[in-house]
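Undergrad: Taking the working numbering, the leading residue of the sequence shown gets -8, the next gets one more, and so forth. Below is one structure. I have some questions about it.
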Amino acid sequence: MNIRGYCAYLAHRLRRRPLRFVEVASIHVIDYDALKKKGITTLIFDLDDTLAAHGAPLDEKTRALIEKLAKRFALGVLSNGRKRAQRLRGLPLFCAGNREKPSTIAVDEILKHYHALPSQTALIGDRVSMDIFLANAAGLAEAILVQPYSRVFGGPQAPLLLRAARRFGL
Ligand SMILES: [Mg+2]
């Protein structure tokens, strides 16, 4: 986690500034056609509780979705979690090496890799403080909040402290 980025989020909240995002149940119900029509070329996903349950491998349904999306979009993953590369091995997406969420440093690596512009990029994640704030701070075209993967599809849950933090938007 990037402490400076997180403090920027807390300051944003204290000032009661709005965040721009849309909310959907999961990555499996996002209208990817609509994103394409809006000119989105690059999708950046969070890993834990967005592409998979917390710390879990990606299931077959999600692997199939990634393969399908890779034909139409450039795909990246941003995660502060460990063992990212192992869990994503063999999938057509670029995994950022840094763990700097919610700083915009985290996004820059993926944009640079794909030569993508913020105005052509959507970020999808389950935490307002990390994913949604980052998408807003980086000026990305779309910020999409999903419900925690484990809540929708089952599987290992995030540690209690993390679940409490999410509940309070921290
Ligand atoms: Mg997450």
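Here a beta-carbon is modelled for each residue, glycine too, at the ideal position from N, C-alpha and C.
#1: Here's the rule I'm using: 16 or more other beta-carbon atoms within 10 Å means buried, otherwise exposed. How should Val237 be labelled?
#2: Per DSSP, which residues does Gly162 bridge with? Please list them.
#3: Between Phe12 and Leu136, what straight-line distance do the alpha-carbon atoms span, to the nearest angstrom?
#4: Under 7 Å, CB to any heavy atom of ligand 1. Which residues pass, going along the chain?
#5: Given that a residue counts as buried once 16 or more other Cβ atoms are within 10 Å of its Cβ, and exposed if not, what is Gly116?
#6: Suppose contacts are defined by Cβ-Cβ distances below 9 Å. Is Thr53 in contact with Leu66 by that definition?
#7: Among Glu100, Asp99, Ser120, Leu102, whose alpha-carbon lies nearest the alpha-carbon of Gly162?
#8: Which residue's Cα is closest to the Cα of Leu38: Gly130, Arg7, Ala76?
#9: With a cut-off of 8 Å on the beta carbons, I'd call Glu133 and Leu60 a contact; round off their distance for me.
#10: Who are the Cβ neighbours of Glu100 in its own chain at under 8 Å, not counting the five residues just before and after it?
TA: So, from the data block:
#1: The structure shown does not extend to residue 237, since the chain is modelled only from -8 to 161, so the question has no answer here.
#2: Residue 162 lies beyond the range of the chain shown here (-8 to 161); nothing can be said about it.
#3: 7 Å
#4: Asp37, Leu38, Asp39, Asp40, Thr41, Gly116, Asp117, Arg118, Met121, Asp122
#5: buried
#6: no
#7: Because the chain in this structure spans residues -8 to 161, residue 162 falls outside the shown range and cannot be described.
#8: Ala76
#9: Contact doesn't hold; Cβ gap of about 14 Å is too wide.
#10: Ala87, Gly88, Asn89
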